[in-house]
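Position in the sequence shown (first residue = 1) + 119 = the numbering used here. We put the beta carbon where it would ideally sit given N, CA and C, even for glycine. Here the structure is a predicted model, which means the values were calculated and not measured. Before any comments, here is the structure.
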Amino acid sequence: MIVRGIDRVLVMGITGKQGTFWTERMQAYGTKVVGGTNPSKAGTTHCDVPVFATARDAMKGAGFDVAVLFIPPLMVKEAMAETGADVSIVFVPPAFTKDAVVEAIEAGIGLVVVITEGVPVQDTAEVWAYLQGKETRMIGPNCPGIITPGESLAGITPHTITGKGPIGLVSKSGTLTYQMMYELKDLGFSTAIGIGGDPIVGTTHIDALEAFENDPETKAIVMIGEIGGDAEERAAAYIKEHVTKPVVGYVAGFTAPEGKTMGHAGAIVSGSSGTAAAKKEALEAVGVKVGKTPSETAALMREILTSL
120 MIVRGIDRVL VMGITGKQGT FWTERMQAYG TKVVGGTNPS KAGTTHCDVP
170 VFATARDAMK GAGFDVAVLF IPPLMVKEAM AETGADVSIV FVPPAFTKDA
220 VVEAIEAGIG LVVVITEGVP VQDTAEVWAY LQGKETRMIG PNCPGIITPG
270 ESLAGITPHT ITGKGPIGLV SKSGTLTYQM MYELKDLGFS TAIGIGGDPI
320 VGTTHIDALE AFENDPETKA IVMIGEIGGD AEERAAAYIK EHVTKPVVGY
370 VAGFTAPEGK TMGHAGAIVS GSSGTAAAKK EALEAVGVKV GKTPSETAAL
420 MREILTSL
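Structure representation (structure tokens):
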């Protein structure tokens with residue numbers, strides 16, 4: 120699931136605000152964007168690439184590896200089937216996200232990155248159930264995606280804030296992902312995965328920990344969690360049994376009031392369940408050093424890498 124080798128990219132809805140913004144940033148990163156779609160602007164160019172009316176028109180005589188999706192869901196299946204894409208990035212409105220992801224899964228896409236925020240939890244639950252037994256991996260929803268610095272970007276992580284290095288990062292929070300990458304930019308990252316903070320997500324802390332444990336380029340891991348649910352406690356149990364690489368952690372939400380939703384849909388505390396203190400205790404019990412702030416967490420990682 121660690122993204123590598125993204126080559127030729129088709130941006131559907133390239134002339135829209137989000138399509139333009141992220142196309143320009145992917146191009147700045149070095150991603151080869153070869154075309155886009157917009158039915159009303161076919162035959163023009165945008166971001167220095169040709170614009171086609173539909174996915175089918177764009178595919179004639181071309182071979183694409185990746186389709187970055189800024190489109191209504193009914194185009195997804197056709198685009199995936201005809202491009203042979205291995206990654207899709209979904210920016211469709213919340214009401215249509217479930218259909219878009221299901222169509223991408225049906226097309227046999229290897230990785231679906233769902234950036235969309237506000238997807239109904241029931242829709243995500245239905246997609247999660249549909250994913251079982253399929254080869255597709257979903258990251259998100261409500262996430263920044265995944266970046267392997269110097270190699271590939273599948274998401275909205277600012278690519279200029281860090282370089283390549285030995286640290287693997289998995290985080291519920293997009294903002295804290297960016298902060299941690301910036302704090303440790305001189306050391307660099309093997310891959311950073313923003314899994315999203317909704318109650319149900321396609322890729323969990325445990326999935327990312329397993330990937331980093333098996334990745335020879337990752338020497339140490341930063342895990343960022345937040346209040347709500349028991350994902351971090353389950354990750355702690357997994358670390359105890361399966362992870363040999365050093366892990367440092369940070370849990371956002373120590374000052375969150377009980378019973379109040381804080382930002383992400385999954386970040387809600389009920390009584391003693393899901394508190395930052397409980398998560399910190401579970402992680403420290405299995406040998407994970409947990410910082411009180413993102414900066415302290417970064418300092419802990421520096422100490423670990425120095426000692427390796």
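Contiguous alpha helix (DSSP H) elements confined to the segment 274-346 occur at 293-302, 324-333, taking only those with 4 or more residues.
Inter-segment contact for the segment 283-301 and the segment 240-259 is absent: fewer than three beta-carbon pairs are separated by less than 8 Å. In terms of Cβ geometry, Thr337 and Ser309 form a close pair [threshold 7 Å]. Taking C-beta separations shorter than 6 Å and ignoring five residues to either side along the sequence, the partners of Phe331 in its chain run Gly287, Thr337, Ile340, following chain order. Taking the Cβ atoms as the reference, Val209 lies roughly 7 Å from Val232, within the contact range of under 8 Å.
Annotation: the segment 249-274 contains the following complete segments of the beta strand (DSSP E) (minimum length 3 residues), in chain order: 256-258, 264-267, 271-274.
A Cβ-Cβ contact shorter than 7 Å links Thr142 with Val152. In the displayed model, Thr150 falls within coil according to three-state DSSP, outside both helix and strand. Looking from the CA of Leu230, the closest CA among Glu236, Val221, Gly237, Pro365 belongs to Val221. Look at the beta carbons and you see the segment 312-328 touching the segment 353-372: at least three pairs across the two are nearer than 8 Å. Pairing Gly347 with Val238, the inter-Cα distance amounts to about 18 Å.
Of the other Cβ atoms in all chains shown, 16 or more fall within 10 Å of the Cβ of Gly393; this residue is therefore buried. Annotated as proximal: Met342 and Gly368, with beta-carbon spacing under 7 Å. Shown here, Gly368 sits in a strand according to DSSP, grouped into three states.
Put simply, the backbone Cα of Gly274 is about 31 Å away from that of Leu427. The Cβ-Cβ distance between Thr267 and Ile228 does not fall below 7 Å. Residue range 413-426 is occupied by the alpha helix (DSSP H) that includes Ser426. The Cβ-Cβ distance between Pro213 and Thr235 falls below 7 Å.
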